[in-house]
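In the numbering used here, the protein residues as written are -12 to 160.
Structure (structure tokens):
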């Protein structure tokens, strides 16, 4: 899998480079393979690690500003994917007031959704967009693993990738 970003937004460029570095990191894959299972998944962690590692999926990032119908539906979310554009991550411009590591973890979280969509024989999403009780689903757990590896801190707080909380509590649970 390779993640691309073709715009001029330094923080997102840095985050994209970080996300791609995670996808080349052997520790990332070994930690996924060590996991017993994921909630809401028909694939084992070992299979998901193999799918990520062997994927030739090109996942691109597009920025959006939540206005019109998007302002209602996506104003508090960091990013989303759309089945009409399965290889695209739509990253919310209003939610970039955080560090590049957090954005990179969001990119990894959303890339797992793209891979889930691409994997015909398996499913490994997290159901609805509520973050409650989702920390052991593949997108949440793997996104948080990326965050921990990039921070070099395996005890760091969990990130919330589907924002429903108020705007002042942007990304930490």
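Just so it is clear, CB atoms sit at the ideal spot from N, CA and C, and this is done for glycine as well.
Pairwise C-alpha distance: residue j and residue i
i: residue 154; j: residue 10; result: Since pLDDT at residue 154 reaches only 41, below the 50 mark, its modelled position is unreliable, and no value is offered.
i: residue 93; j: residue 66; result: 7 Å
i: residue 14; j: residue 2; result: 19 Å
i: residue 104; j: residue 144; result: 28 Å
i: residue 147; j: residue 118; result: 6 Å
i: residue 32; j: residue 55; result: 39 Å
i: residue 43; j: residue -12; result: 5 Å
i: residue 128; j: residue 62; result: 24 Å
i: residue 23; j: residue 29; result: 13 Å
i: residue 74; j: residue 80; result: 19 Å
i: residue -7; j: residue 50; result: 10 Å
i: residue 84; j: residue 20; result: 33 Å
Where the alpha helix (DSSP H) containing residue i begins and where it ends
i: residue 66; result: Per DSSP, residue 66 belongs to no alpha helix (DSSP H); it is in the beta strand (DSSP E), 66 to 69.
i: residue 102; result: 87 to 105
i: residue 135; result: 125 to 138
i: residue 29; result: First-last for residue 29: undefined, no H or E at that position.
Proximity below 8 Å, CB of residue i to CB of residue j
i: residue 97; j: residue 76; result: yes
i: residue 112; j: residue 27; result: yes
i: residue 109; j: residue 34; result: yes
i: residue 130; j: residue 95; result: yes
Rounded Cβ spacing between residue i and residue j (contact assumed at less than 8 Å)
i: residue 126; j: residue 99; result: 4 Å
i: residue 132; j: residue 18; result: 6 Å
i: residue 70; j: residue 5; result: Not confirmed; about 26 Å, so no contact.
i: residue 78; j: residue -1; result: 7 Å
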